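Counting along the sequence shown from 1, when you hit position 280 you're at 280 in full-length UniProt numbering, and nothing is skipped either side. All remarks here apply to the structure that follows.
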Amino acid sequence: MSCEAIAYFDSAVVTVTGEYTECVGMNSSESSSFLTVKGAALFLPRGNGSPTPRINHRRNKHAGDLQQHLQAMFTLLRPEDNIRLAVRLESSCTQCTRYMVVVSTNGRQDTEESIVLGMDFLSKDSSTCTMGLVLPLWSDTLIHLDGDGGFSVSTVNRIHIFKPVSVQAMWSALQSLHKACDIARTYNYYPGSLYLTWISYYESRINSHQIFINEWNAMQDLQSHRSDSPVLFSDVPTECDRTERLIKTKLREIMMQKDLENITSKEIRTELEMQMGCTLREFKEFMDNEMIVILGQMDSPTEIFEHVYLGSEWNACNLEELQNQGVRYILNVTREIDNFFPGMFEYHNIRVYDEEATDLLAYWNDTYKFISKAKKDGCKCLVHCKMGISRSASTVIAYAMKEYGWNLDRAYSYVKEKRGVTKPNPSFMKQLEEYQGILLTLLYDRKDDTNTNNLTLQWQTQFDAKLGVVIL
Numbered sequence: 001m002s003c004e005a006i007a008y009f010d011s012a013v014v015t016v017t018g019e020y021t022e023c024v025g026m027n028s029s030e031s032s033s034f035l036t037v038k039g040a041a042l043f044l045p046r047g048n049g050s051p052t053p054r055i056n057h058r059r060n061k062h063a064g065d066l067q068q069h070l071q072a073m074f075t076l077l078r079p080e081d082n083i084r085l086a087v088r089l090e091s092s093c094t095q096c097t098r099y100m101v102v103v104s105t106n107g108r109q110d111t112e113e114s115i116v117l118g119m120d121f122l123s124k125d126s127s128t129c130t131m132g133l134v135l136p137l138w139s140d141t142l143i144h145l146d147g148d149g150g151f152s153v154s155t156v157n158r159i160h161i162f163k164p165v166s167v168q169a170m171w172s173a174l175q176s177l178h179k180a181c182d183i184a185r186t187y188n189y190y191p192g193s194l195y196l197t198w199i200s201y202y203e204s205r206i207n208s209h210q211i212f213i214n215e216w217n218a219m220q221d222l223q224s225h226r227s228d229s230p231v232l233f234s235d236v237p238t239e240c241d242r243t244e245r246l247i248k249t250k251l252r253e254i255m256m257q258k259d260l261e262n263i264t265s266k267e268i269r270t271e272l273e274m275q276m277g278c279t280l281r282e283f284k285e286f287m288d289n290e291m292i293v294i295l296g297q298m299d300s301p302t303e304i305f306e307h308v309y310l311g312s313e314w315n316a317c318n319l320e321e322l323q324n325q326g327v328r329y330i331l332n333v334t335r336e337i338d339n340f341f342p343g344m345f346e347y348h349n350i351r352v353y354d355e356e357a358t359d360l361l362a363y364w365n366d367t368y369k370f371i372s373k374a375k376k377d378g379c380k381c382l383v384h385c386k387m388g389i390s391r392s393a394s395t396v397i398a399y400a401m402k403e404y405g406w407n408l409d410r411a412y413s414y415v416k417e418k419r420g421v422t423k424p425n426p427s428f429m430k431q432l433e434e435y436q437g438i439l440l441t442l443l444y445d446r447k448d449d450t451n452t453n454n455l456t457l458q459w460q461t462q463f464d465a466k467l468g469v470v471i472l
């Protein structure tokens, strides 16, 4: 039946027109309803501990395959959790279907807590789904319209872009998210508190294909992008844009063919002008800057360990080189560079800039796990940033400290010897010192463990020698 739903958004009352559909409990006579609009379902609350609902498939002009998809989503939830909203999103894969799902529960402090899940369906007719994203809604969560039919949700150094399939669906999503964020701010939900501890249940169940995970983690304001599909490319570049793109391509080709120790930048510019058949005087500064970038990127990635390479943006976009070196995992430690080959490699992104304000230490536990996974799988992992100098080098040093029980001096010297341009910014060096202290603390917390492993023994030997500490 038709109805109207009243919701509050920025203190304004809005009206949403849709239809109710009944959800009947599988083992109970209890039922609840959800309001459907094109591409979205808004649920009326059901009690804690309610059984998984069965969707009553009454004809609904907005529901379509949404009802079947909702049934699949419920199978992934804990019994005590509720779906507040499911919104269908645009997808780069036309056969696949994606949903942003707002899930809530009654938390330990007897207040409503919410998270966002990303659900993936291989096709519109799929009766099963996988999970590709888990995003907690903390008190610092911010929501911004992107001016392109979607919005971003940012919290604790994470930013994710969502593009609903309709304006009405986006409006419904914004209402639900703002309500959840208002509750988080009211009760001051913050990482490390007793709130949202249940998120680990879902984080351990992320199982979507890497292509879907990459799309959930896609960034909008990257400086370096993978190539656009000719079918999707619709922007008309200016004459200057086309010339600069051609210069980049030709310049890289020339520099890769020349002995750069015996040629000047002027000679390279002259050859470039000959190949392009025109004068490039007005692009001299652009070409000089581009040469510097290419020089910094042209080196092959550095093999730090048998399973770890350290490199630059150029290494990350050189498919032939990646394949020849047996790389299967790529750790992208940049905010500004895209994943160039989603679906061909397993990616993990640390979306940060090379700035002293960046808290890189907060990610080193995750990066350690990712590199360790590559090693366990018998694969090689490329760790890269823009130039392979600061962000990625710091991350590899941190990995070496934990994996091999090395102190900072030894890990830094080892990586520096392998890759001479290694130079973490001053803030990252301080964070590495702090990380050394954290690892040392963990060592002494375990010093009485009868099953002390080799890693502990290595740390104990090195730090006893360095600090003159005697363990009794």
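Note that CB positions come from ideal geometry on N, CA and C, so glycine has one too. Keep in mind the model is a prediction, meaning the values are calculated, not measured.
For residue i, the nearest candidate out of the options (CA to CA)
i, options, result
"Lys-380", "Lys-386, Phe-370, Asp-288, Asp-140", "Phe-370"
"Met-344", "Ile-211, Gln-71, Gly-277", "Ile-211"
"Ser-166", "Ser-193, Arg-88, Pro-191", "Arg-88"
"Ser-139", "Leu-196, Ala-86, Leu-361", "Leu-196"
"Gln-95", "Lys-124, Asn-106, Thr-75, Pro-79", "Lys-124"
"Phe-305", "Ala-374, Phe-283, Trp-171, Asn-262", "Ala-374"
"Ala-173", "Gln-257, Arg-84, Val-156, Lys-416", "Arg-84"
"Ile-161", "Val-327, Glu-90, Cys-240", "Glu-90"
"Gln-175", "His-144, Glu-80, Glu-303", "His-144"
"Asp-377", "Ser-413, Val-327, Arg-410, Asp-366", "Val-327"
"Val-101", "Asn-82, Cys-93, Ala-362, Arg-108", "Asn-82"
"Arg-351", "Tyr-187, Asn-157, Gln-257, Ser-300", "Asn-157"
"Asp-241", "Phe-286, Ser-200, His-209, Ile-268", "Phe-286"
"Tyr-99", "Met-170, Asn-106, His-384", "Met-170"
"Lys-179", "Val-383, Gln-168, Leu-142", "Leu-142"
"Leu-361", "Arg-419, Phe-428, Leu-310", "Phe-428"
"Ile-254", "Asn-214, Phe-283, Leu-295, Pro-237", "Leu-295"
"Glu-321", "Leu-382, Thr-264, Arg-281", "Leu-382"
"Ala-184", "Thr-302, Gly-107, Gln-325, Gln-436", "Gly-107"
"Thr-441", "Tyr-412, Ala-411, Gly-405, Gln-257", "Gly-405"
"Thr-155", "Asn-324, Leu-137, Gln-168", "Leu-137"
"Tyr-189", "Thr-238, Glu-303, Gln-109, Leu-246", "Gln-109"
"Gln-168", "Ala-86, Met-73, Ser-193, Asp-259", "Ala-86"
"Thr-243", "Leu-280, Pro-301, Gly-388", "Leu-280"
"Ile-213", "Cys-93, Arg-269, Tyr-363, Leu-177", "Cys-93"
Residue-chain proximity (residue i, chain C), Cβ-Cβ < 9 Å
i, result
"Asn-217", "Protein chain content of the structure displayed is limited to a single chain, and chain C is not contained in it."
Beta bridge counterpart(s) of residue i as assigned by DSSP
i, result
"Asn-332", "Asn-349, His-384"
"Phe-151", "Leu-145, Phe-162"
"Phe-212", "For Phe-212, which the question treats as bridged, DSSP gives no partner whatsoever."
"Val-134", "Leu-117"
"Thr-279", "None; Thr-279 has no bridge partner."
"Val-293", "Partner(s): none; Val-293 has no beta bridge."
"Glu-112", "Asn-106"
"Val-101", "Ala-86, Leu-117"
Distance between beta carbons of residue j and residue i, contact taken as under 8 Å
i, j, result
"Leu-77", "Val-103", "7 Å"
"Asp-120", "Thr-130", "5 Å"
"Gly-149", "Trp-216", "In fact, because the Cβ distance is near 17 Å, the residues do not count as touching under 8 Å."
"Val-308", "Val-396", "6 Å"
"Ser-127", "Gln-67", "Going by Cβ atoms, the distance from Ser-127 to Gln-67 rounds to 11 Å, so no, they are not a contact pair."
"Tyr-368", "Lys-402", "5 Å"
"Pro-424", "Glu-356", "Not quite, the Cβ-Cβ distance comes to about 11 Å (not below 8 Å), so this is no contact."
"Val-153", "Leu-133", "Actually they are not in contact, since the Cβ atoms of Val-153 and Leu-133 sit about 10 Å apart, beyond 8 Å."
heavy atom of the ligand GDP below 8 Å from residue i C-beta
i, result
"Leu-66", "This structure simply doesn't include the ligand GDP, nor any ligand for that matter."
>> Can you confirm whether the stretch 331-341 touches the stretch 190-209 when touching is taken to mean that 3 or more C-beta pairs between the two stretches lie within less than 8 Å?
In response: No contact exists between the stretch 190-209 and the stretch 331-341.
>> Ignoring anything shorter than 4 residues, give me the alpha helix (DSSP H) runs that lie fully in the UniProt domain "Tyrosine-protein phosphatase" (300-441), in order along the chain.
In response: 313-317, 319-324, 364-376, 391-404, 408-418, all fully within the UniProt domain "Tyrosine-protein phosphatase" (300-441).
>> For a minimum of 3 consecutive residues, which ranges assigned as the beta strand (DSSP E) are wholly contained in the stretch 69-99?
In response: Unbroken beta strand (DSSP E) stretches of 3 residues or longer found wholly inside the stretch 69-99: 82-89, given in chain order.
> Pairing CB atoms from the stretch 381-399 with CB atoms from the stretch 320-331, are three or more of them under 8 Å?
Replying inline: Yes, the stretch 381-399 is in contact with the stretch 320-331.
>> For the stretch 432-439 against the stretch 397-415, do three or more pairs of beta-carbon atoms, one drawn from each stretch, fall closer than 8 Å, so that the two count as touching?
In response: The stretch 432-439 makes contact with the stretch 397-415; the number of CB pairs closer than 8 Å reaches 3 or more.
> So does the stretch 245-257 actually touch the stretch 267-277, counting three or more Cβ pairs closer than 8 Å?
Replying inline: Yes: at least three Cβ pairs fall under 8 Å.
> Counting only runs that start and end within the stretch 170-210, where is the alpha helix (DSSP H) found for 4 or more residues in a row?
Replying inline: Counting whole runs of 4 or more residues, the stretch 170-210 contains the alpha helix (DSSP H) stretches 199-203.
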